[in-house]
Amino acid sequence: MSVASGKTRSSLTQEILSHLGLASKTAAWGTLGTLRTFLSFSVDKDVQRLLRAIAGQGVDRGSIMDVLTNRSREQRQLISRAFQERTQQDLLKSLQAALSGNLERTVMALLQPAAQFDAQELRTALKNSGSAEDVAVEILATRSPAQLQECLTVYKHNFQVEAEEDIKCETSGILQELLLALAMGARESYSGIIDYNLVEQDVQALRQAEGPSTEGTWVLIFTQRNPEHLVRVFDLYQRYTGHELEKTVHHLFHGDAQAALLSLASVIRNTPLYFADKLHQALQDIKPNYQVLMRILISRSETDLLSIRVEFKKKSGKSLYSSLQEAVKGDCRSALLALCRAEDM
Numbered sequence: 008m009s010v011a012s013g014k015t016r017s018s019l020t021q022e023i024l025s026h027l028g029l030a031s032k033t034a035a036w037g038t039l040g041t042l043r044t045f046l047s048f049s050v051d052k053d054v055q056r057l058l059r060a061i062a063g064q065g066v067d068r069g070s071i072m073d074v075l076t077n078r079s080r081e082q083r084q085l086i087s088r089a090f091q092e093r094t095q096q097d098l099l100k101s102l103q104a105a106l107s108g109n110l111e112r113t114v115m116a117l118l119q120p121a122a123q124f125d126a127q128e129l130r131t132a133l134k135n136s137g138s139a140e141d142v143a144v145e146i147l148a149t150r151s152p153a154q155l156q157e158c159l160t161v162y163k164h165n166f167q168v169e170a171e172e173d174i175k176c177e178t179s180g181i182l183q184e185l186l187l188a189l190a191m192g193a194r195e196s197y198s199g200i201i202d203y204n205l206v207e208q209d210v211q212a213l214r215q216a217e218g219p220s221t222e223g224t225w226v227l228i229f230t231q232r233n234p235e236h237l238v239r240v241f242d243l244y245q246r247y248t249g250h251e252l253e254k255t256v257h258h259l260f261h262g263d264a265q266a267a268l269l270s271l272a273s274v275i276r277n278t279p280l281y282f283a284d285k286l287h288q289a290l291q292d293i294k295p296n297y298q299v300l301m302r303i304l305i306s307r308s309e310t311d312l313l314s315i316r317v318e319f320k321k322k323s324g325k326s327l328y329s330s331l332q333e334a335v336k337g338d339c340r341s342a343l344l345a346l347c348r349a350e351d352m
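So the sequence shown is numbered by our numbering: it starts at 8 and just counts up by one.
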């Protein structure tokens with residue numbers, strides 16, 4: 008395979024950088040992610056390094072992972088497009104042919120646009136009975152409104168059906184109502200002002216919603232109020248009743264509905280702790296749940312993985328990095344450790 012002339016490379020690089028706004032972008036310092044925009048980024052050097060890694064005598068997995076786990080998702084998209092322009096080959100397919108197993112799946116997730124990855128995970132969850140209340144709630148409840156809208160748009164494009172239609176076909180009861188409400192993206196944004204009268208009203212509404220046909224009250228409050236408001240609802244509910252709201256959820260609901268409401272409550276109370284819990288559970292089995300580890304580490308690496316690491320250490324007494332070192336085997340181990348980034352002492 009040959010690389011185009013320097014002039015062509017330069018013009019293409021500038022075009023892509025200008026298109027994605029990276030030409031004048033600085034590092035995303037100040038975020039709570041472990042992965043930030045790589046300041047010394049050169050799309051040409053990265054394309055050439057990846058070409059060497061897959062075109063030699065043996066696949067250089069170390070170089071592949073060094074590039075992909077040290078670039079932001081936006082930069083990885085630049086690399087993918089430039090690779091296609093230079094070689095007339097798809098980088099995703101080229102790496103799929105060179106890799107296998109969990110490492111292949113990790114690389115595919117790293118190279119996909121975030122909305123495409125989320126749409127695929129959501130589709131798989133809805134079609135796999137038993138995971139809708141887990142994975143679907145995770146994606147629908149923890150993505151920003153813009154991310155959620157893009158995910159649902161990609162879902163319709165890729166699968167020729169609205170996500171809402173799949174939710175209606177694959178779920179039922181209060182779980183269906185919760186997922187449909189979350190998919191609408193109607194949660195109120197935080198204005199900076201707490202309406203304490205509404206907090207009181209919501210607490211009283213939840214206390215009264217303990218009989219038949221009152222599930223709609225729980226769905227409305229859990230899916231439409233902003234988290235800052237809901238934390239105060241949870242606190243006031245406990246002061247009035249003497250127990251956490253989650254205890255009432257355990258008493259009133261069962262199965263998928265109970266699991267979904269408890270997950271939502273966890274997201275609302277402390278989103279990094281919610282993800283730390285999921286990572287901890289994924290590492291507890293004899294064989295770790297690589298899909299969960301991969302999805303969370305990649306999706307949160309540019310947002311709040313540092314906060315998740317702190318909550319993980321508080322919960323388990325051991326750092327996430329050490330836990331991954333001990334539990335994860337095979338080629339994808341180095342990739343997941345690179346996304347985690349460092350030990351927490």
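Glycine included, each C-beta is placed from N, C-alpha and C at the ideal position.
DSSP state of SER341 mapped onto helix, strand, coil: SER341: helix per DSSP, three-state reduction.
Assigned exposure category for GLY324 - 16 Cβ within 10 Å defines buried: Around the beta-carbon of GLY324, fewer than 16 other beta-carbon atoms lie within 10 Å, marking it exposed.
Test item: CB-CB of ALA193 and GLN231 under 7 Å: Yes.
Closest residue to GLU171 among GLU195, SER198, ALA143 (Cα-Cα distance): With distances taken between Cα atoms, GLU171 lies closest to ALA143.
Buried versus exposed call for MET301 [16 or more other C-beta atoms within 10 Å across all chains shown]: Counting of Cβ neighbours within 10 angstroms places MET301 among the buried residues, the total reaching 16 or more.
Residue environment, SER308, which counts as buried when at least 16 other CB atoms sit within 10 Å: Result: buried.
Cβ pair count under 8 Å reaching 3, the stretch 152-169 against the stretch 201-208: Contact fails between the stretch 152-169 and the stretch 201-208, because fewer than three Cβ pairs, one in each stretch, are under 8 Å apart.
CB of LYS320 within 7 Å of CB of ASP284, strictly: Between LYS320 and ASP284, the C-beta spacing is not below 7 Å.
Close-in-space but distant-in-sequence residues of the same chain around GLU128 (CB under 7 Å, 5 per side omitted): Excluding residues up to 5 positions away in sequence, VAL142, ILE146, ARG302 lie with their Cβ nearer than 7 Å to the Cβ of GLU128 in the same chain.
Alpha carbon of GLU169 to alpha carbon of GLY63, nearest angstrom: In this model, GLU169 and GLY63 are separated by some 44 Å (Cα to Cα).
Span separating the alpha-carbon of LEU331 from that of LEU106: Between the C-alpha atoms of LEU331 and LEU106 there is a straight-line separation of about 21 Å.
Buried or exposed by the 16-neighbour rule on C-beta atoms within 10 Å, applied to SER49: With a 10 Å radius around the Cβ and a threshold of 16 neighbouring Cβ atoms, SER49 comes out exposed.
Length at least 3, wholly inside the stretch 78-102: the beta strand (DSSP E) runs in chain order: Fully enclosed beta strand (DSSP E) runs of 3 or longer: not present.
Which of helix, strand or coil DSSP assigns to THR38: THR38 falls in the coil class under three-state DSSP.
Runs of alpha helix (DSSP H) wholly within the stretch 195-273 (minimum 4 residues, chain order): Here the runs fully enclosed are 203-215, 222-231, 234-248, 252-259.
Buried versus exposed call for ALA104 [16 or more other C-beta atoms within 10 Å across all chains shown]: The residue in question, ALA104, is exposed, as its Cβ has fewer than 16 Cβ neighbours within 10 Å.
Start-end ranges of the alpha helix (DSSP H) lying completely within the stretch 145-205, minimum 4 residues: Runs of the alpha helix (DSSP H) inside the stretch 145-205: 152-166, 170-177, 180-191.
Where the alpha helix (DSSP H) containing PHE124 begins and where it ends: Counting along the chain, PHE124 sits inside the alpha helix (DSSP H) bounded by residues 121-134.
Chain-order list of residues whose beta-carbon lies under 7 Å from that of SER101 (same chain, five-residue window excluded): Residues ILE61 of the same chain have their beta carbon placed closer than 7 Å to that of SER101, with the five preceding and five following residues left out of the count.
Check whether MET72 and ALA334 have beta carbons under 7 Å apart: ALA334 is positioned such that its CB atom lies no closer than 7 Å to that of MET72.
Selected residue, minimal CA-CA separation from THR38, among THR310, LYS322, CYS339, ARG340: It is THR310.
Reduced DSSP category for THR113 - H, G, I as helix; E, B as strand; rest coil: Of the three classes helix, strand and coil, the one that applies to THR113 here is helix, per DSSP.
Buried versus exposed, by CB contacts within 10 Å (16 or more), PRO279: Here PRO279 is buried: its Cβ has 16 or more other Cβ atoms, across all protein chains shown, within 10 Å.
C-beta atoms of LEU182 and GLU217 nearer than 7 Å: Contact: no.
Member of ARG59, GLY108, GLY65, ALA116 whose CA lies at the smallest distance from the CA of GLN84: Scanning ARG59, GLY108, GLY65, ALA116 for the CA closest to the CA of GLN84 turns up ALA116.
Nearest-angstrom beta carbon gap, SER70 and ARG56 [assumed within contact, 8 Å]: About 6 Å separates the Cβ atoms of ARG56 and SER70, confirming a contact at the 8 Å cut-off.
Through-space distance from PHE45 to VAL299, alpha-carbon basis: Going by the C-alpha atoms only, they are around 26 Å apart.
Per-residue DSSP class, three states only, for LEU106: Per DSSP, reduced to three states, the secondary structure at LEU106 is coil, with no helix or strand assignment.
Under the three-state DSSP convention, the category PRO295 falls into: PRO295: coil per DSSP, three-state reduction.
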